[in-house]
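There are 2 protein chains.
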Amino acid sequence: MDKRAIGVFDSGLGGLTAVRRLHALMPQENIIYFGDTGRVPYGTRGRDIITKYARQDVAFLRQFDLKSIIIACNTVSAIALDLLSKENDIPIIGTVEPACRRAMTMTQTGRVGVIGTAATIRSGAYEKYLHKKDGTLDLFTQACPLFVPLVENGRVHRGDVVIETVVKEYLTPLKDAGVDTLILGCTHYPLLEEVIGDFMGPDVTLIDSGAEAANLASTQFDPNEGTGTTQYFVSDDPQGFNQLAELFLQEKVDVGAELVDISRY
Amino acid sequence: MDKRAIGVFDSGLGGLTAVRRLHALMPQENIIYFGDTGRVPYGTRGRDIITKYARQDVAFLRQFDLKSIIIACNTVSAIALDLLSKENDIPIIGTVEPACRRAMTMTQTGRVGVIGTAATIRSGAYEKYLHKKDGTLDLFTQACPLFVPLVENGRVHRGDVVIETVVKEYLTPLKDAGVDTLILGCTHYPLLEEVIGDFMGPDVTLIDSGAEAANLASTQFDPNEGTGTTQYFVSDDPQGFNQLAELFLQEKVDVGAELVDISRY
Chain H
30 MDKRAIGVFD SGLGGLTAVR RLHALMPQEN IIYFGDTGRV PYGTRGRDII
80 TKYARQDVAF LRQFDLKSII IACNTVSAIA LDLLSKENDI PIIGTVEPAC
130 RRAMTMTQTG RVGVIGTAAT IRSGAYEKYL HKKDGTLDLF TQACPLFVPL
180 VENGRVHRGD VVIETVVKEY LTPLKDAGVD TLILGCTHYP LLEEVIGDFM
230 GPDVTLIDSG AEAANLASTQ FDPNEGTGTT QYFVSDDPQG FNQLAELFLQ
280 EKVDVGAELV DISRY
Chain E
30 MDKRAIGVFD SGLGGLTAVR RLHALMPQEN IIYFGDTGRV PYGTRGRDII
80 TKYARQDVAF LRQFDLKSII IACNTVSAIA LDLLSKENDI PIIGTVEPAC
130 RRAMTMTQTG RVGVIGTAAT IRSGAYEKYL HKKDGTLDLF TQACPLFVPL
180 VENGRVHRGD VVIETVVKEY LTPLKDAGVD TLILGCTHYP LLEEVIGDFM
230 GPDVTLIDSG AEAANLASTQ FDPNEGTGTT QYFVSDDPQG FNQLAELFLQ
280 EKVDVGAELV DISRY
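Listed in order, the protein sequences are those of chains H and E.
Offset between the first sequence (1-based) and the working numbering: plus 29.
Offset between the second sequence (1-based) and the working numbering: plus 29.
Written out as structure tokens, the structure is:
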């Protein structure tokens with residue numbers, strides 16, 4: 030049994046959807062979470078700066094004694110997983126591979142959709158992984174740049190014409206393509222599960238990429254008998270983070286996030 | 030005649046609305062523009078980090094021989110103008126004061142609205158300035174956090190239900206309050222002039238804060254007989270900046286932005 034903590038990071042709040050799954054699967058695991066709220070979002074930025082930010086996020090987390098790090102951010106997973114894995118002597122778990130694996134077991138028709146940030150979709154990481162594993166799959170991708178700001182402004186509810194219009198606009202090509210499985214390739218998107226599910230219909234399976242990364246982590250380590258504490262760190266506005274965290278964790282909790290100067294790492 | 034250039038900075042693209050006005054008023058002026066595209070947006074962040082970023086932006090610009098700096102960003106103007114003025118030996122021009130001055134000359138009823146980012150509105154900078162100058166004004170403020178991402182995604186056109194819904198939602202309280210003058214307290218918002226104007230009606234005067242800052246600058250310096258060149262620098266994705274710049278400058282132009290590592294300043 031390895032009592033060291035698991036590190037989790039994201040550009041901001043989205044990674045908390047992975048923490049929620051970790052809490053459910055490994056309640057006694059200690060977790061260190063970093064959200065780069067001072068530089069969020071990542072998904073609109075270029076490769077080099079995303080790589081730079083990701084390295085700093087990992088450098089901060091490596092101050093703690095960790096057994097693994099989960100990149101609970103599809104943008105970083107899509108762009109910098111290989112590099113971060115090479116540079117670190119502990120396992121680094123991204124979202125792309127576990128989300129793809131789940132999609133491959135769920136699809137009946139072989140028609141799979143992937144939605145994500147502009148940087149994630151532009152990277153082609155999902156195509157590369159899926160086509161390497163199964164050349165017969167038909168893959169349909171779509172960048173959804175407005176989803177992150179809409180989620181962060183709480184526009185996640187049925188009946189909100191703003192989110193419903195944007196969902197329809199982005200997802201119509203995937204619906205028309207007849208996908209039966211849709212990878213939510215951004216850890217913010219599970220908050221839109223209801224609205225996306227309504228639009229795509231009950232026959233389309235939605236894959237929560239952050240939760241799948243947590244699932245994978247839970248298979249790699251024996252259950253810990255620790256105290257199950259989670260420490261939260263952010264690079265800006267801990268109070269705002271504390272307020273919004275409930276939305277992502279889906280429980281009333283005082284996360285008590287601490288402020289970090291990430292530019293020092 | 031002072032041949033030194035004018036520095037202009039913003040969190041990203043919005044400040045180009047001020048550059049456009051500078052070009053019109055002072056066509057022979059040399060301009061150095063910095064857009065912090067690697068850390069945009071500022072308006073959702075906390076005071077300390079906004080101050081830190083603003084100091085770095087100014088430090089970068091001060092490498093050039095400048096006669097003045099225009100903060101073409103209301104969030105920075107609202108939070109850090111006094112500090113930046115103290116720390117620099119050249120005039121620093123913000124957006125708050127010139128926008129307020131124009132609003133005071135335009136309003137007939139004394140009922141003035143201000144819209145801006147969450148950080149700008151939270152700062153209370155517009156109230157402080159206006160109430161100091163004229164205690165009889167009735168001021169109505171409203172944060173519009175979705176306007177920046179919507180503008181950056183090109184959602185600026187009449188008939189787009191997404192922007193029209195959000196405009197109606199944010200501005201209904203100001204319309205109901207009967208303001209006759211509305212300060213667009215964010216340099217992204219002039220791109221929404223049409224949609225905002227449609228909603229508020231023809232009797233409400235819209236004040237473009239970035240343009241007002243440029244107006245003020247043009248009164249402070251004798252016209253230059255320079256070559257009127259503008260150099261553009263950004264902290265991420267120069268190509269994306271070059272593409273979107275046309276939207277803000279409202280002319281077909283290859284801005285040829287150069288990349289800067291702003292974390293070094």
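From the three backbone atoms N, C-alpha and C, an ideal C-beta is built for every residue, glycine too.
Straight-line spacing of the CA atoms in C215 (chain H) and G145 (chain H) works out to 5 Å.
The DSSP-derived three-state label of A34 (chain H) is strand. For the set E:L110, E:D118 and E:R140, the Cα lying nearest the Cα of E126 (chain E) is the one of E:L110. Sixteen is the threshold: since fewer than 16 other Cβ atoms of the shown chains lie within 10 Å of the Cβ of E116 (chain E), the residue is exposed.
Interface flag for L220 (chain H) against chain E is unset, since no Cβ pair is found closer than 9 Å.
Per the C-alpha coordinates, the member of E:T104, E:A246, E:A132 and E:V185 positioned closest to G36 (chain E) is E:A246.
Following the DSSP letters along the chain, one finds Q171 (chain H) inside the beta strand (DSSP E) bounded by residues D167 to A172. Following the DSSP letters along the chain, one finds R151 (chain H) inside the alpha helix (DSSP H) bounded by residues A147 to S152. Excluding its 5 nearest sequence neighbours in each direction, P267 (chain H) has C-beta neighbours in its own chain below 7 Å: A286, E287 and L288, listed in chain order.
Residue state for E287 (chain H) is assigned as strand, using DSSP reduced to three classes. Residue pairing for V125 (chain H): DSSP places it in no beta bridge.
Minimum Cα-Cα distance from H186 (chain E) among the listed residues E:Y218, E:P174 and E:P70 corresponds to E:Y218.
Annotation for T104 (chain H): no beta strand (DSSP E) segment contains it, though the alpha helix (DSSP H) segment containing it runs N103 to E116. Pairwise C-beta distances place the stretch 101-109 of chain E in contact with the stretch 141-157 of chain E, as three or more of them are shorter than 8 Å. One Cα belongs to E58 (chain E), the other to S40 (chain E), and the distance between them is close to 22 Å. Within chain E, G67 and D265 have C-beta atoms less than 7 Å from the C-beta of I78 (chain H), given in sequence order.
Using a Cβ-Cβ cut-off of 9 Å, L175 (chain E) counts as an interface residue toward chain H, since at least one Cβ of chain H sits closer than that to its own. Residue-level contact check: S152 (chain H) does not touch chain E, since none of the beta carbons of chain E fall below 9 Å from its beta carbon. CA-CA distance, Y294 (chain H) to R184 (chain E), rounds to 37 Å. At a C-beta separation below 7 Å, T194 (chain E) has these neighbours in chain H: V190 and V191. DSSP, read as helix, strand or coil, puts F176 (chain E) in helix. Counting other Cβ atoms within 10 Å of its Cβ, E223 (chain E) stays below 16 and is therefore classed as exposed.
Annotation for T258 (chain E): N59 and I60 place their beta carbon closer than 8 Å to its own, counting only its chain and skipping 5 residues before and after.
Rounded to the nearest whole angstrom, the CA to CA distance from A88 (chain E) to K81 (chain H) is 21 Å. DSSP places Y62 (chain E) in no alpha helix (DSSP H) but in the uninterrupted beta strand (DSSP E) bounded by I60 to G64. The C-beta separation of L54 (chain H) from A243 (chain H) comes to about 6 Å, placing the pair in contact by the 8 Å criterion. The beta carbons of I225 (chain H) and L203 (chain H) sit about 10 Å from each other, so the pair does not count as a contact at 8 Å.
Look at the stretch 71-95 of chain H: the residues with a C-beta under 7 Å from a C-beta of chain E are R74, G75 and I78.
Per the coordinates, the alpha-carbon of L95 (chain H) lies some 18 Å from the alpha-carbon of I291 (chain H).
Contact of N271 (chain H) with chain E is not assigned, every C-beta pair being separated by 9 Å or more.
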